[in-house]
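Protein chains: 2
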Amino acid sequence: MRDFSGNHEALSINTATVRRQAPLDAIIEACARRDIRMISPWRDQVHAVGLARIAAQLRDTGITLSGYCRGGFFPAADRAGLAAALDDNRQAIDEAKTLGSPCLVLVVGSLPGALTGTPAYSDIGRARQEVFDGIAATLDHARACAMPLAIEPLHPMLAADRACINTLEHALDICDALDPARSGMLGVAADVYHIWWDAKLAAQIARAGPERLLALHVCDWLVPTCDLLNDRGMMGDGIIELRKIRGWMEEAGYAGAAEAEIFSDRWWQRPLAEVLDICIERHRSVV
Amino acid sequence: MRDFSGNHEALSINTATVRRQAPLDAIIEACARRDIRMISPWRDQVHAVGLARIAAQLRDTGITLSGYCRGGFFPAADRAGLAAALDDNRQAIDEAKTLGSPCLVLVVGSLPGALTGTPAYSDIGRARQEVFDGIAATLDHARACAMPLAIEPLHPMLAADRACINTLEHALDICDALDPARSGMLGVAADVYHIWWDAKLAAQIARAGPERLLALHVCDWLVPTCDLLNDRGMMGDGIIELRKIRGWMEEAGYAGAAEAEIFSDRWWQRPLAEVLDICIERHRSVV
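Chains as they are written, first to last, in our numbering: chain D, 346 to 632; chain E, 346 to 632.
In structure tokens:
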């Protein structure tokens with residue numbers, strides 16, 4: 346298992362962690378000053394500054410991506426909506442390519458309209474079929490662009506509105522169905538926040554293997570947790586066995602970044618510099 | 346599949362649904378007036394009125410139990426705590442017997458101390474082993490008393506503090522290990538709120554079969570859900586496919602109650618009579 350205590354070469358900052366503090370170009374600048382070598386930006390952050398400008402800034406600073414957030418949200422109430430989702434995913438792949446990302450992270454979606462409190466239907470089986478079909482269709486363009494797709498299973502508390510794939514097992518079943526050759530073009534993003542609770546976690550990480558393990562996201566689960574979406578903890582502040590899970594990932598052949606992704610109303614209120622410095626410290630001490 | 350539209354013979358009220366409105370004896374009286382034939386009370390509610398008095402009231406009204414809530418919370422920081430939990434579970438079995446319950450529901454517990462924000466350890470594997478050992482030990486007394494134990498998998502968002510068994514599959518694995526003969530003395534309580542999201546739900550219900558399916562709890566998942574514990578919806582107000590899941594249960598041989606269990610800061614503020622009347626109406630129309 347890699348020793349993270351001596352440096353933070355393997356640290357990536359998912360830029361949603363500091364999205365309220367600064368625009369993406371300022372975040373990248375702050376990362377460069379701290380010798381943070383990787384980020385994982387969100388599309389809205391990239392669009393706000395401009396794709397070409399961010400691509401140039403990455404080249405200038407030598408910072409690379411550990412992933413690009415995000416494609417997905419495949420289910421829709423009608424054919425037009427399904428087609429629009431596919432268009433948007435092709436666009437996301439092209440942007441990921443421009444930024445030199447090693448993968449496009451997929452938050453697959455679930456009951457259409459549920460995010461705004463008005464689900465168009467409640468048949469989660471239908472949503473799962475639409476997700477499966479959406480990934481299959483998107484995989485063609487991904488292969489053509491050599492841009493791997495990383496399915497991110499989300500926590501079951503987000504199953505109604507954000508993702509109807511909620512376990513590594515389910516994500517890997519889809520990978521096996523659509524990419525039986527393990528081409529490296531379809532895998533998973535393992536975010537500890539979403540999957541730490543799973544009694545089958547170690548076994549499914551081992552099953553995934555290096556061809557499927559495309560990303561490792563870290564943060565922590567607080568007790569108590571006060572919000573379903575925006576109360577994630579800083580690494581070390583909660584009960585997730587970060588080092589144990591990273592150990593399983595590395596045993597299975599994962600050698601990539603540990604990407605800090607903390608959606609938190611508390612951490613969004615602290616200064617950018619402070620949050621980045623603490624991420625570095627915790628990366629070395631507890632991840 | 347049974348037709349619930351004509352009457353509410355199969356309705357049970359989990360009395361936590363109206364726990365803030367009235368003491369248990371008043372709840373039982375209100376149920377009797379509405380010809381609700383089953384309840385599932387919580388131990389604290391029984392203790393507050395008195396075990397003997399509740400037992401007598403049940404005999405007088407002819408109301409029976411669909412379950413007794415609850416045993417469990419097996420993990421502990423030390424030997425004394427583990428032993429105390431076993432004592433408490435034996436006591437719960439004896440109370441369930443006195444009340445003529447068909448089963449004792451187990452909320453198995455997880456990281457000890459997490460409920461009060463101070464987990465004694467964070468090794469969920471250890472908690473799972475302590476749960477397994479605790480159920481094994483408790484099963485001896487349960488068999489001696491002919492009181493079936495119903496393991497209730499809780500939603501993964503409650504995995505740190507309330508239950509480290511979070512899927513029907515995990516619960517059934519434990520049943521198979523401890524009761525391979527399917528004696529009827531160890532099974533599961535299937536609460537739709539906790540398990541609706543599971544892509545393996547239909548398959549695991551079928552696997553369980555009639556010997557293992559000891560209870561069906563119903564409520565609904567709201568979009569959005571604003572609290573991890575106390576924002577459950579009334580049946581019909583959310584996105585859970587209640588009738589589909591009940592259909593799977595009945596196909597697998599379940600012929601018991603549909604027990605309405607709604608932890609909700611909203612519903613706890615409405616009058617007892619109104620909540621019971623709406624439960625009856627929704628039982629007939631959407632369950």
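Ideal Cβ placement from N, Cα and C applies to all residues, glycine included.
Measuring CA to CA, which of the options is closest to residue i?
i      : options                           : result
E/V450 : E/G462, E/M346, E/L460 and E/R435 : E/R435
E/A367 : E/L621, E/E626 and E/H628         : E/L621
E/A505 : D/D565, D/I519, D/V391 and D/H392 : D/D565
D/L503 : D/T483, D/I519 and D/G454         : D/G454
D/I384 : D/K589, D/G395, D/D518 and D/T362 : D/T362
E/S467 : D/I590, D/Y599, D/G601 and D/E556 : D/I590
D/G592 : D/A547, D/L617 and D/A534         : D/A547
D/A516 : D/A481, D/C376 and D/A487         : D/A481
E/E633 : E/L574, E/G532, E/H628 and E/T409 : There is no way to answer for residue 633 of chain E, as the model of chain E reaches only from 346 to 632.
D/V563 : D/N511, D/D423, D/R611 and D/R629 : D/R629
D/D627 : D/Q614, D/I607, D/V452 and D/A489 : Here residue 627 of chain D is Arg; the residue named in the question, Asp, does not match the sequence. Ranking D/Q614, D/I607, D/V452 and D/A489 by Cα distance to D/R627 puts D/I607 first.
D/P616 : D/R364, D/F349 and D/S357         : D/R364
D/H486 : D/I438, D/I625 and D/H353         : D/I438
E/D610 : E/D518, E/E595, E/A397 and E/M579 : E/M579
E/F419 : E/T512, E/F349 and E/L427         : E/L427
E/L567 : E/E596, E/Q474 and E/N575         : E/N575
E/A535 : E/L369, E/A489, E/R552 and E/G581 : E/R552
D/M346 : D/P498, D/C624 and D/R588         : D/R588
D/Y413 : D/G470, D/P464 and D/T360         : D/T360
D/D582 : E/N511, E/P464 and E/R473         : E/P464
E/N352 : E/D380, E/A371, E/C376 and E/R557 : E/D380
E/V476 : E/C571, E/A508, E/A489 and E/R488 : E/A508
D/D433 : D/A495, D/C448, D/K442 and D/G417 : D/G417
D/Y599 : D/G479, D/I625 and D/P555         : D/P555
D/G445 : D/A472, D/I550 and D/A400         : D/A400
D/L531 : D/D572, D/L573, D/L484 and D/T406 : D/L484
D/T512 : D/R378, D/D423 and D/H539         : D/H539
Strictly by DSSP, which residues pair up with residue i?
i      : result
E/E475 : Paired residue(s): none; E/E475 is not in a bridge.
D/N434 : BP columns for D/N434 are empty, so no partner.
D/M492 : According to DSSP, D/M492 bridges with nothing at all.
E/L310 : Residue 310 of chain E cannot be examined here, being either before or after the span of chain E that is shown, 346 to 632.
E/L499 : Its beta-bridge partners do not exist; DSSP assigns none.
E/T409 : E/M383
E/A508 : E/G454
The alpha helix (DSSP H) that contains residue i, what's its start and end?
i      : result
E/A597 : Here E/A597 belongs to no alpha helix (DSSP H), and DSSP marks it neither H nor E.
E/I384 : Careful: E/I384 lies outside any alpha helix (DSSP H), inside the beta strand (DSSP E) at M383 to S385.
E/L396 : L396 to T406
E/I623 : L617 to S630
D/A367 : Neither: D/A367 is in no alpha helix (DSSP H) and is coded neither H nor E.
D/I423 : In the sequence under discussion, the amino acid at residue 423 of chain D is Asp, which differs from the Ile named in the question. Looking at the DSSP string, D/D423 is not in any alpha helix (DSSP H), and its letter there is neither H nor E.
E/L517 : L513 to L523
Which residues bound the beta strand (DSSP E) around residue i?
i      : result
D/C414 : Y413 to G417
E/L451 : L449 to V452
D/I357 : In the sequence as displayed, the identity of residue 357 of chain D is Ser instead of Ile. Looking at the DSSP string, the run of the beta strand (DSSP E) that includes D/S357 is L356 to N359.
For chain C, is any of its Cβ atoms less than 8 Å away from the one on residue i?
i      : result
E/L531 : No chain C is present in this structure, whose protein chains are D and E.
(request) Taking a Cβ distance cut-off of 9 Å, strictly less, list which residues of the region 580 to 592 of chain D are near chain E, in chain order. (result) G583, I584, I585, E586 and K589
(request) Could you run through the region 499 to 514 of chain D and flag, in chain order, every residue whose CB is less than 7 Å away from some CB of chain E? (result) H500, P501, M502, A504, A505, D506 and N511
(message) Restricting to runs no shorter than 4 residues, where is the alpha helix (DSSP H) found entirely within the region 534 to 612 of chain E?
(response) 537 to 540, 546 to 557 and 587 to 596
(message) Please list, in chain order, the residues of the region 430 to 453 of chain D that have any C-beta partner in chain E closer than 9 Å.
(response) none
(request) Check each residue of the region 468 to 501 of chain E: if its Cβ is closer than 8 Å to any Cβ of chain D, include it; give the result in chain order. (result) D468, I469, R473, H500 and P501
(message) At a CB distance below 7 Å, what residues from the region 562 to 574 of chain E approach chain D? Give them in sequence order.
(response) W566, V568, P569, T570 and L573
(request) Determine which residues of the region 542 to 554 of chain E have a Cβ less than 7 Å from any Cβ of chain D, and write them out in chain order. (result) W542 and A544
(request) Below 8 Å between beta carbons is the criterion; list the residues of the region 369 to 389 of chain E that meet it against any residue of chain D, in chain order. (result) none
(request) Residues of the region 600 to 614 of chain D with a CB closer than 7 Å to any CB of chain E: list them in chain order, please. (result) none
(request) For the region 455 to 467 of chain E, enumerate the residues whose C-beta is nearer than 7 Å to any C-beta of chain D, in chain order. (result) L456, A459, G462, P464 and S467
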